[in-house]
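> Below: one structure in structure tokens.
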Amino acid sequence: MIVSRRLSLTLPILAAFALAGCDALGSLTDTEAEGSETENGEAQTPAPSGTATAGAAETGIGAEDDATPMAERVATIGLLNKRNNVSKDLELRPGESVEEGPVIVRLEACERTAPYEFPQETGAFVQLDVLERGQNEHSRVFSGWLFKENPSLNVVEHPVYDVWVKDCAMSFPGEE
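Quick note on numbering: the sequence shown equals residues -20 to -1, 1 to 156 in mature numbering (1 follows the signal peptide of the UniProt record, and there is no 0).
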């Protein structure tokens, strides 16, 4: 009975935290958000009304139209030549590519979470083409998402060159 009671108190709280990332709780009023207390004095969070998309649509949060359009974003990509320890910062817009010696770095997209979303993430979809010695054409050695906060999620595996995301410049409503 005690386990059942604890479980019945824990599940609504866990559901509220899970939905908080979707901004489903944003549509609750202040009195609804405060919840009520149980006999033991533990806080009980009420079930959210509506769906996650309804809450986001009402507040306007999470709409792609609110953020900087993809074509106006600027990503800063770090490029390292491990052989001579020379690094460069490349500033690219989505769709642009830069050739640095035998390397071509192409940016397809860059994203950053809004300042009110947690955890904060910055990522870019990058393609890396390298002209190896004795070859006539560049070969693709990497194509995928790179993340600033978690560089180990997707790693550029090349013996000479390394690429990483430094920033994605974009703005959101309410940012200064």
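All C-beta atoms in this analysis are idealised placements derived from N, C-alpha and C, irrespective of residue type, glycine included.
Just so it is clear, the structure is predicted and the values come from calculations on it, not from any experiment.
1. Does DSSP classify residue 51 as helix, strand or coil?
2. Let me know if residue 74 comes out buried or exposed under the rule of 16 or more other beta-carbons within 10 Å of its beta-carbon.
3. Within this structure, are the beta carbons of residue 110 and residue 82 separated by less than 8 angstroms?
4. Mapping the DSSP letters down to three states, classify residue 78 as helix, strand or coil.
5. Does the pairing of the region 58 to 76 with the region 113 to 128 give three or more beta-carbon distances under 8 angstroms?
6. Leaving out five residues before and five after residue 128 in sequence, what residues of the same chain have Cβ atoms less than 6 angstroms from its Cβ?
7. Within the region 76 to 117, note down every full beta strand (DSSP E) run reaching 3 residues or more, in order along the chain.
8. Throw me the rounded Cβ distance for the residue 54 and residue 71 pair, which I believe falls under 8 angstroms.
9. Less than 8 angstroms between the CB atoms is what I'm expecting for residue 194 and residue 104, so what's the real figure, rounded?
10. Is the beta carbon of residue 51 sitting closer than 8 angstroms to the one on residue 150?
11. If we call anything under 8 angstroms between Cβ atoms a contact, is residue 76 one with residue 87?
Short version:
1. Three-state result, residue 51: helix.
2. Buried: at least 16 other Cβ atoms inside 10 Å.
3. A Cβ-Cβ contact shorter than 8 angstroms links residue 110 with residue 82.
4. Strand, per DSSP.
5. Taking a cut-off of 8 angstroms for Cβ pairs, the region 58 to 76 and the region 113 to 128 do not touch, as fewer than three such pairs fall below it.
6. Exclusion of the five residues before and after residue 128 leaves 102, 145 as the residues of its chain whose Cβ lies within less than 6 angstroms of its Cβ.
7. Within the region 76 to 117, the runs of beta strand (DSSP E) that reach at least 3 residues and sit entirely inside it are, in chain order, 77 to 80, 83 to 92, 102 to 110.
8. Between residue 71 and residue 54 the Cβ distance is about 6 angstroms, and since that is below 8 angstroms, they are a contact.
9. Residue coverage of the chain in this structure runs from -20 to 156, which leaves residue 194 outside it and unanswerable.
10. No, these two residues do not count as a Cβ contact at 8 angstroms.
11. Yes, these two residues count as a Cβ contact at 8 angstroms.
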